[in-house]
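A.B. asks: Here it is, the structure, as structure tokens.
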């Protein structure tokens with residue numbers, strides 16, 4: 001944002017210093033103020049010519065260079081004291097939020113596949129899972145707006161969040177089938193799914209690829225479409241996290 005501010009101020013300074021119809025410039029820029037609030041750089045590009053035109057009309061015919069110098073110094077301060085030390089912050093935020101989302105997904109799935117689990121508890125865990133996933137997606141979206149290449153790298157976690165959302169959706173559908181009398185999966189299958197999600201959560205938190213684990217084979221879940229979707233989502237999430 002500081003760099004955008006410098007570019008916009010440079011444009012505004014040139015317009016203001018040239019003194020080209022300062023009254024017309026002020027009128028046009030004033031009309032653009034309601035639209036300019038959508039973006040910081042656009043707002044700076046609108047307000048700078050407006051202010052410089054008003055200063056020019058007040059008798060100061062050389063305000064542009066001072067304004068540009070001040071903005072350049074402010075940009076250096078922002079980049080040095082704010083942006084550069086904080087480049088690791090978004091990455092840590094994404095790791096924490098995504099790890100919590102994986103654990104919430106695991107807890108929800110674990111309760112769904114556990115016989116005699118109270119419905120109220122399953123409902124609570126499902127809500128927590130969706131809330132954690134929403135927080136993780138928001139963290140990824142905020143981090144993706146950071147300076148490249150950091151923002152571009154962090155944006156790659158968005159498909160992992162989508163895969164986790166598919167797991168929660170499939171787990172919810174599986175819970176409905178189980179409530180209607182479908183047989184519960186065997187303990188080994190449940191344990192493998194739990195281990196796969198636990199390892200994924202640890203890998204995301206430690207910022208490392210997931211370890212090689214034996215996930216349920218396709219033949220083990222072919223009789224349950226919802227469990228097949230859970231397994232497919234888990235495989236996809238782990239594969240994406242490995243890249």
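Numbering (the numbering used here), first residue to last: 1 to 243.
All C-beta atoms, glycine included, are put in the ideal place defined by N, C-alpha and C.
Here the structure is a predicted model, which is why all the values come from computation and not from measurement.
Exposed or buried, what is residue 181 when buried is set at 16 or more other beta-carbons lying within 10 Å of its beta-carbon?
C.D. replies: Counting from one through the chain shown, the residue named residue 181 turns up at place 181. Answer is exposed; the Cβ neighbour count stays below 16.
A.B. asks: So residue 196 packs on residue 213, CB below 8 Å; how close in whole Å?
C.D. replies: Translated into positions along the chain shown, residue 196 becomes position 196. Translated into positions along the chain shown, residue 213 becomes position 213. That pair is a contact at about 6 Å.
A.B. asks: Specify the secondary structure class of residue 180 as computed by DSSP and reduced to three states.
C.D. replies: Here residue 180 corresponds to residue number 180 of the chain shown, with the count starting at 1. Correct three-state label for residue 180: coil.
A.B. asks: Residue 98: buried (16+ other C-beta within 10 angstroms of its C-beta) or exposed?
C.D. replies: Locating residue 98 in the chain shown gives position 98, counting from the first residue. Result: buried.
A.B. asks: Check residue 141 in the structure and name its three-state DSSP category.
C.D. replies: Taking the first residue of the chain shown as 1, we reach residue 141 at position 141. Three-state DSSP puts residue 141 in a helix.
A.B. asks: Could you tell me whether the Cβ of residue 226 comes closer than 7 Å to any Cβ of chain D?
C.D. replies: Annotation note: the requested chain D is absent from the structure, which comprises a single protein chain.
A.B. asks: Does the Cβ of residue 188 have 16 or more other Cβ atoms within 10 Å, making it buried, or fewer, making it exposed?
C.D. replies: As a working mapping, residue 188 is identified with position 188 in the chain shown. Per the 10 Å Cβ criterion, exposed.
A.B. asks: Which two residues bound the contiguous alpha helix (DSSP H) that contains residue 29?
C.D. replies: Here residue 29 is taken as the residue at index 29 of the chain shown, counted from 1. Unbroken alpha helix (DSSP H) run through residue 29: 22-36.
A.B. asks: From residue 224 to residue 114, what distance separates their C-alpha atoms?
C.D. replies: Mapped onto the chain shown, residue 224 falls at position 224. Mapped onto the chain shown, residue 114 falls at position 114. Each residue's alpha carbon lies about 16 Å from the other.
A.B. asks: Where does residue 49 sit, in a helix, a strand or coil, going by DSSP?
C.D. replies: By one-based count along the chain shown, residue 49 stands at place 49. Residue 49 falls in the helix class under three-state DSSP.
A.B. asks: CB residue 57 to CB residue 29, shorter than 7 Å?
C.D. replies: Here residue 57 is taken as the residue at index 57 of the chain shown, counted from 1. Here residue 29 is taken as the residue at index 29 of the chain shown, counted from 1. Not in contact: residue 57 and residue 29 (Cβ atoms no closer than 7 Å).
A.B. asks: Between the stretch 197-205 and the stretch 132-140, do at least 3 Cβ pairs fall closer than 8 Å?
C.D. replies: no
A.B. asks: Which one of 25, 53, 96, 110 has the shortest CA to CA distance from residue 140?
C.D. replies: Locating residue 140 in the chain shown gives position 140, where the first residue counts as 1. Per the C-alpha coordinates, the member of 25, 53, 96, 110 positioned closest to residue 140 is 96.
A.B. asks: For residue 212, name the three-state secondary structure that DSSP assigns.
C.D. replies: In the chain shown, counting from the first residue as 1, residue 212 sits at position 212. If DSSP states are grouped into helix, strand and coil, residue 212 belongs with coil.
A.B. asks: Is the distance from the Cβ of residue 163 to the Cβ of residue 237 below 7 Å?
C.D. replies: Reading the chain shown from its first residue, position 163 is the one you call residue 163. Reading the chain shown from its first residue, position 237 is the one you call residue 237. Cβ atoms of residue 163 and residue 237: closer than 7 Å.
A.B. asks: Got a sec, what are the start and stop residues for the alpha helix (DSSP H) residue 238 sits in?
C.D. replies: Here the question's residue 238 lines up with position 238 in the chain shown. Residues 225-242.
A.B. asks: Using the rule of at least 16 other Cβ atoms within 10 Å of the residue's Cβ for burial, across every protein chain shown, is residue 165 buried or exposed?
C.D. replies: In the chain shown, the residue the question calls residue 165 occupies position 165. By the neighbour-count rule (16 or more Cβ atoms within 10 Å), residue 165 is buried.
A.B. asks: Would you mind working out which of 92, 91, 121, 116 sits nearest residue 104, comparing C-alpha positions?
C.D. replies: Translated into the one-based positions of the chain shown, residue 104 becomes position 104. Looking at the Cα atoms, 121 is the closest of the given residues.
A.B. asks: If I'm right that residue 183 touches residue 227 with Cβ under 8 Å, what's the distance once you round it to whole angstroms?
C.D. replies: Taking the first residue of the chain shown as 1, we reach residue 183 at position 183. Taking the first residue of the chain shown as 1, we reach residue 227 at position 227. That pair is no contact at about 11 Å.
A.B. asks: Looking at the structure shown, is residue 6 part of a helix, part of a strand, or coil, going by DSSP?
C.D. replies: In the chain shown, residue 6 corresponds to position 6, counting from 1. Its pLDDT being 48, under 50, residue 6 is placed unreliably by the model, and nothing is read from it.
A.B. asks: Taking the alpha carbon of residue 52 as the point to measure from, which residue in 160, 27, 154, 72 has its own alpha carbon closest?
C.D. replies: Numbered from its first residue, the chain shown carries residue 52 at position 52. It is 27.
A.B. asks: Using CA atoms only, rank isn't needed, just tell me which of 100, 230, 117, 190 is closest to residue 202.
C.D. replies: Walking along the chain shown from the start, residue 202 turns up at place 202. Nearest option by C-alpha distance: 100.
A.B. asks: Taking the alpha-carbon positions, what's the residue 243 to residue 23 distance?
C.D. replies: If you number the chain shown from 1, residue 243 lands on position 243. If you number the chain shown from 1, residue 23 lands on position 23. Roughly 56 Å between the two C-alpha positions.
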